[in-house]
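S.K.: If you're matching positions, the sequence shown starts at 515 in the numbering used here and goes up one per residue.
Beta carbons are placed, not taken as given, at the ideal position from N, Cα and C, and that holds for glycine.
Here it is: the structure, laid out below.
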Amino acid sequence: MQRVVGDRYELVRPLGRGGMGEVWLGRDHRLDRDVAVKLLRPSSLPAGADVDALISRFDREARLTARLENPGVPAVYDTGTDEDDLYLVMQVIGGADLAEFQAENEPVPVGWVAAAGAQIAAVLAAAHAAGLVHRDLKPRNVMITETGEVKVLDFGIAVLRDVDMTRITRTAETVGTPAYMAPEQAMHGQTSPSSDLYSLGCVLYELVTGRAVFEAGTALAMMHRHFNDTPEPVLSLRPDAGPVLAEVITRLLAKRADLRPASATEVYEILLPLVPPPTGPLIPMDPTRPFRDKLSAPRPPAGSAATVSVLDTPTMPVGLPAPAPETTVAPVPRAEPADSGPRRIGEAFLLMFGILGILTYVDDLATGVPVPDAGFTFTVVSTPVLIGLWMRKRRMRLRHVWSLGPFGSRVGPPRATGLGERILERVLLAVGGLGSAVYIGQLIAGTVNGNPLLYIDSPIRGLTICLALLVPGLLMRQRRLGRPYPWSRSSVRS
């Protein structure tokens, strides 16, 4: 016999597991309709879990979702307790989530991406206008119905930005999915409407290109990649995406919140002209269908753009009042450092020849070669290194010029490169490999004749020249093929 919750809702079959419990397809016997029933079983939580906080969060989900009356959010019908379980009854949504939708339609038409993005932006604008931040926007939390309507699910971990609400999330507990987290949310626990926009950028990037913004083996590595790495340009992976869509995705994925669009309404207004006029027969799950009727087309609520200037505060411990939010005026965005092939090549050669010059200078001092005006000479040979380090700091957005950077998080899927980069890679590998072979041959010949350095005038200089050519070629090959180490034969599988 099927279980009946609340003496009213019969649990028919499981639909999946959500962030806070199980979701079932149910039958409302009183109103004779299908519903979705979310259950939370405190008794099944792992040892050490903050049961009170999870129960509070579950209870708040009903009130937050019910408060957000929007066609793009499932309606809340009821909530209560049954035996030792808490339950939340919601509108059941038919269709597929965005990940399934993408798998069925890959590559997703660019117009469909714009239509789905505009609908999500309209829902986010309504949520932000109500003072809600979603904090876990991802393809699995977005449904597309048979009629092409987009529904954003699981506002249960959203946080009210009202000043009189306390936080139910413990300090240092990051809520969300690392692959779609904004840098400030992943590393500092700070959430805001702008962090939702970053997540929207991740979703649109994945829809357009067919791949995630970043790949990583662990959650921590993924967070570091979002904080430090620059995504592969959209147009290099999907040339037909168009400059407008590529530009808005790039802005959404900006590391700094003040460089992203000012509001979800702005994103909606950019994407709306990219939605093609629906023509021909109706296609199931076509996200352009809701825009056929201009009067009923999804749109942000009036005046929603003004509400997002109040930013959410970082997650606070239970029981402590959150500090009052500050009204901020977004500064004029500054252009982010361009990351292009010629800039990376110029940076690499500055570092290579600068380091070669410094090592030659040290080699001359060590071997007793006279160096005229030693101070001035050292300044001249070290200047290219300083310029190259400064360019690297700007490109990788490092804290200091001497910061090592996230070496482990650079590994990922094969990287698209241009013909010029591939030619340079092969030249560096060929010349560096040949030079290294000659250098090793001279060492062997000298060893046979009793002195390893018999045929080598300057061992430091010779080794530096070989490595300065060979190592950049190996690193370019590593990044292009997505391999864990420059000498690896197989690429990374995530």
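1) So what's residue 549 in DSSP terms, helix, strand or just coil?
2) Along the chain, where does the alpha helix (DSSP H) that runs through residue 631 open and close?
3) So for residue 969, helix, strand or coil by DSSP?
4) Does DSSP classify residue 650 as helix, strand or coil?
5) Sorted by chain position, which residues of the same chain lie with C-beta nearer than 8 Å to residue 634's C-beta, five sequence neighbours on each side aside?
6) Where does residue 815 fall in DSSP's three states?
7) Comparing alpha-carbon positions, which option in 883, 890 and 903 lies nearest residue 867?
8) Return the first residue and the last residue of the beta strand (DSSP E) that residue 595 is part of.
9) Taking the beta carbon of residue 795 as the centre, do at least 16 other beta carbons fall within 10 Å, making it buried, or is it exposed?
10) Going straight from the alpha carbon of residue 790 to that of residue 590, what length do you get?
11) Mapping the DSSP letters down to three states, classify residue 604 as helix, strand or coil.
12) Who are residue 523's beta bridge partners in DSSP?
13) Would you call residue 506 buried or exposed, if buried means 16 or more other Cβ atoms sit within 10 Å of its Cβ?
14) What's the gap between the Cα of residue 792 and the Cα of residue 704?
15) Hey, quick one: how far does the alpha helix (DSSP H) through residue 784 stretch, first residue to last?
16) Let me know the secondary structure DSSP gives residue 986 once reduced to three states.
17) Considering only C-alpha positions, which residue in the set 724, 638 and 951 is nearest to residue 710?
18) Does the separation of the CB atoms of residue 608 and residue 659 fall below 9 Å?
19) Strictly by DSSP, which residues pair up with residue 665?
20) For residue 773, tell me which candidate among 730, 712, 978 and 908 has the shortest Cα-Cα distance.
21) Do you know whose CA, among 905, 526, 782 and 594, lies nearest residue 814's CA?
22) Report yes or no: do the region 694 to 708 and the region 751 to 763 share at least 3 C-beta pairs separated by less than 8 Å?
23) To which residues of the same chain is residue 893 closer than 7 Å at the C-beta, ignoring the five residues directly before and after it?
24) What's the gap between the Cα of residue 775 and the Cα of residue 786?
25) Cβ of residue 582 within 9 Å of Cβ of residue 640?
26) Give me the Cβ distance between residue 569 and residue 525, rounded to the nearest whole Å; I'm assuming they're in contact under 8 Å.
27) Starting from the C-beta of residue 594, find all residues in its chain whose C-beta is less than 7 Å away, skip the five residues before and the five after it, and write them out in chain order.
28) Going by the beta-carbon positions, is the gap between residue 956 and residue 974 smaller than 9 Å?
29) If I measure Cβ to Cβ from residue 613 and keep anything under 7 Å in the same chain, skipping five residues before and after, which residues do I get?
30) Verify whether the separation of the beta carbon atoms of residue 618 and residue 628 is less than 9 Å.
31) On the DSSP bridge list, what partners appear for residue 611?
32) Look at the Cβ atom of residue 942, then the Cβ atom of residue 898, and state whether they are nearer than 9 Å.
33) Please say whether residue 861 and residue 906 have beta carbons closer to each other than 9 Å?
34) Starting from the C-beta of residue 636, find all residues in its chain whose C-beta is less than 6 Å away, skip the five residues before and the five after it, and write them out in chain order.
35) Reducing DSSP to helix, strand and coil, say where residue 877 ends up.
36) Answer yes or no: do residue 642 and residue 697 have a C-beta to C-beta separation smaller than 9 Å?
M.R.: Concretely, from the data shown:
1) If DSSP states are grouped into helix, strand and coil, residue 549 belongs with the strands.
2) Residue 631: member of the alpha helix (DSSP H) spanning 624 to 643, first to last residue.
3) Here residue 969 sits in coil by DSSP.
4) DSSP places residue 650 in coil when its eight states are reduced to three.
5) Hits under 8 Å: 586, 651, 656, 664, 666, 714 and 717.
6) In the three-state reduction of the DSSP assignment, residue 815 falls in the coil class.
7) Ranking the options by Cα distance to residue 867, first place goes to 903.
8) Residues 590 to 596.
9) With fewer than 16 other Cβ atoms within 10 Å, it is exposed.
10) Between the alpha carbons of residue 790 and residue 590 lies a distance of about 33 Å.
11) In the structure shown, residue 604 sits in a strand (DSSP, three-state: E or B).
12) Bridge partners of residue 523: 519 and 542.
13) An answer regarding residue 506 cannot be provided, because it is not within the stretch 515 to 1008 covered by the chain.
14) Their Cα atoms are separated by approximately 40 Å.
15) For residue 784, the uninterrupted alpha helix (DSSP H) segment begins and ends at 778 to 785.
16) Look at residue 986 here: in three-state DSSP terms it is helix.
17) Ranked by how close their Cα comes to the Cα of residue 710, the residues 724, 638 and 951 have 638 in first place.
18) The answer is yes: Cβ separation under 9 Å.
19) Answer is 657.
20) When only C-alpha atoms are compared, the closest one is 712.
21) The shortest C-alpha separation from residue 814 is found at 782.
22) Under the Cβ criterion (8 Å, minimum of three pairs), the region 694 to 708 does not count as touching the region 751 to 763.
23) Excluding five sequence positions before and after residue 893, none of the CB atoms of its chain fall closer than 7 Å to its own CB.
24) A straight-line Cα-Cα distance of about 15 Å links residue 775 and residue 786.
25) Contact: yes.
26) Between residue 569 and residue 525, the beta carbon gap of about 20 Å keeps them out of contact (Cβ cut-off 8 Å).
27) So the list reads 520 and 601, once near-sequence residues are dropped.
28) Cβ distance not < 9 Å, so residue 956 and residue 974 don't count as in contact.
29) Taking residue 613 as the centre and dropping the five residues before and after it, the same chain places the C-beta of 653 and 654 closer than 7 Å to its C-beta, in chain order.
30) In this structure, residue 628 does not lie closer than 9 Å to residue 618 by Cβ.
31) Paired residues: 657.
32) No; because the gap between Cβ atoms is not below 9 Å, this pair is not in contact.
33) Yes, Cβ-Cβ distance for residue 906 and residue 861 is below 9 Å.
34) Scanning its chain for C-beta atoms nearer than 6 Å, with the 5 sequence neighbours on each side dropped, one finds around residue 636 the residues 782, 812, 813 and 814, in chain order.
35) Helix at residue 877.
36) Going by beta carbons, residue 642 and residue 697 fall outside the 9 Å limit.
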